[in-house]
Structures are given as structure tokens and as C-alpha cells.
Amino acid sequence: MSKSSPPSTSRRTTWLRIVLAALAAGGIGWAWATGRLAAVTPELLRDTIQNSGNWGFVVYVLGFSLLQPVGVTAHLFLPAAGLIWPLPQALLLSQVGLLGGALVSYGGGRAMAPEDLRAMLPPRAQAMEAKLQAGGVGSVIIARLVFFTFFPVPALMGALRLPLRSYLLGTWIGCLPVSVMEVVLAERFITTWTG
1029 MSKSSPPSTS RRTTWLRIVL AALAAGGIGW AWATGRLAAV TPELLRDTIQ NSGNWGFVVY
1089 VLGFSLLQPV GVTAHLFLPA AGLIWPLPQA LLLSQVGLLG GALVSYGGGR AMAPEDLRAM
1149 LPPRAQAMEA KLQAGGVGSV IIARLVFFTF FPVPALMGAL RLPLRSYLLG TWIGCLPVSV
1209 MEVVLAERFI TTWTG
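See below:
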């Protein structure tokens, strides 16, 4: 009798997304049904987060770092920083959150691909791994320019054992143009809208 295999990672990710969406929908439904949603304005949200001090920073960075690797798009977190904080803080926090999410995804990829499993890779996959590792930072920059923060890519880089330093530097450089643009545009929008 063979052991049953554990649920696949994609199935767990799907369930996690469903649970998060259900919680969000339930919270919004409750707020609407009780009339609390009508009291929420963009200015109120911004002021509440800004007045929370360091806790606002911590919640933002942790949320970005932990939710982006399970499929919540970085395109939600990046403009949010520009809408909430002044530009220097928004740029710093968005970069820390982006790198935090990249690090979590990379670690997940390494954990899901132990050495005994990697030994079973076909020769073509092993050749691809060697090519990526030889490319170093440049390989990661190209992958990030093409795929940005698409969450399976950093997990694959972790599974393929790209050196962590090359991975983080390449991620930062490759994601920098899009992430800065989104934060700056959001900050300009909120400045114009409230100004």
C-alpha cells in the first residue's frame, strides 16, 4: 500500500486565496450591512495609518512580505505606499516590502525543493539551473524586468539555488523602475487630489 502524497503547493495556494478572499468579502459585507462602510473615506484611511506611527510601517511591510508570495499582487501594495506616506518614506517602505516578499518566496522555493528531489531533475533542467547560476545578478534582473514580482518566479529561483546575494540584488535592480514609477505616480495623484 503506497503512502498518499501531500496536497500540492498549488492546491494549498488556491485554498489560501479563497480563504483570504472570503475573509475580505465577509469584512466588507459586514461593514456595508452595519453602515460602517459609509463612514470610511480615503482621507480617513490615510490619516489612520499615518497616525499609527511605526505600527503602520510594520503592518505594511509584513503584509507586503507575507501576502505577495501567495499571489496578492505587488501592484496593490506599491501604489498604496504612495497614497499613504510622503514620497521618501513610501519609496523606502515599498522597497523593503518588495524585498521581504521576494525573500519569503525564495525561501519557500528552497524549502520545497530539497536536494534529493533536485537530484531527480532531468538533464535539461540541470543545464538551465547551471546557466541561471552562471548569469548571476544579470539573470535575475532580466527575469524581474520580464516577470516583475510574478510569485512563482522567485520560488523557482530559490528552488534552483541561485545565490541569495545575486537574487536579492538582481530583484532590487530589476524591480526598481516599475516599483518607483507606481509609488511616485500614486503620490503625485494623492498630492494633486488633496492639494
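Taking this note's numbering, the leading residue of the sequence shown gets 1029, the next gets one more, and so forth. Just so you know, even glycine gets a beta-carbon here, dropped at the ideal spot from N, CA and C.
Using CA atoms only, rank isn't needed, just tell me which of Gly1055, Met1209 and Gln1096 is closest to glycine 1128.
Gln1096
For proline 1116, does the three-state DSSP call read helix, strand or coil?
helix
For glycine 1137, which residues of its own chain have a beta-carbon under 7 Å away from its beta-carbon, when the five flanking residues on both sides are left out? So the qualifying residues of the chain are Pro1182, Ala1183, Leu1184, Met1185, Gly1186 and Ala1187.
| query | Which of the three DSSP states, helix, strand or coil, is assigned to glycine 1163? | reply | helix
Alpha carbon of glutamine 1078 to alpha carbon of phenylalanine 1092, nearest angstrom: 17 Å
How big is the Cα-Cα spacing for alanine 1052 and proline 1180? So the two alpha carbons sit approximately 23 Å from each other.
Contact between the segment 1142–1156 and the segment 1101–1109 is defined here as three or more beta-carbon pairs at a separation below 8 Å; is this criterion met? No, because fewer than three Cβ pairs between the segment 1142–1156 and the segment 1101–1109 fall closer than 8 Å, the two stretches do not touch.
- Under the three-state reduction of DSSP, which class applies to glycine 1081: helix, strand or coil? coil
Own chain, CB closer than 6 Å to leucine 1115, minus 5 neighbours either side, in chain order: Glu1215
Inset, instruction - Please state if the CB of leucine 1173 and the CB of serine 1167 are separated by a distance shorter than 7 Å. - result: no
Margin query: Report the start-end ranges of each alpha helix (DSSP H) in the segment 1144–1211 that is 4 residues or longer and not cut off at the edges.
Written below: 1151–1163, 1165–1175 and 1180–1187
Discussion item. Using 8 Å for Cβ pairs, my map puts alanine 1109 next to valine 1211. What's the rounded Cβ distance?
Written reply: 5 Å
Short check: CB of valine 1132 to CB of phenylalanine 1176, under 7 Å?
no
Beta-carbon proximity list for arginine 1146, same chain, < 7 Å, skipping 5 on both sides: none
Would glycine 1135 pass as a contact of valine 1165 if the rule is Cβ separation under 7 Å? no
Can you list, in chain order, the residues of its chain whose CB lies under 7 Å from that of leucine 1121, leaving out five sequence neighbours each side? Phe1085, Tyr1088, Val1089, Ala1109 and Trp1113
| Whole-angstrom Cβ separation of leucine 1126 and isoleucine 1218, contact assumed at under 8 Å? | With a Cβ gap of about 20 Å, leucine 1126 and isoleucine 1218 do not count as contacting.
Pairwise C-alpha distance: alanine 1061 and alanine 1130: 37 Å
Review point. Among residues of its own chain, excluding the 5 on either side of alanine 1050, which ones have a beta-carbon nearer than 8 Å to its beta-carbon?
Key: none
> Is the beta carbon of valine 1100 sitting closer than 7 Å to the one on leucine 1044?
Replying inline: no
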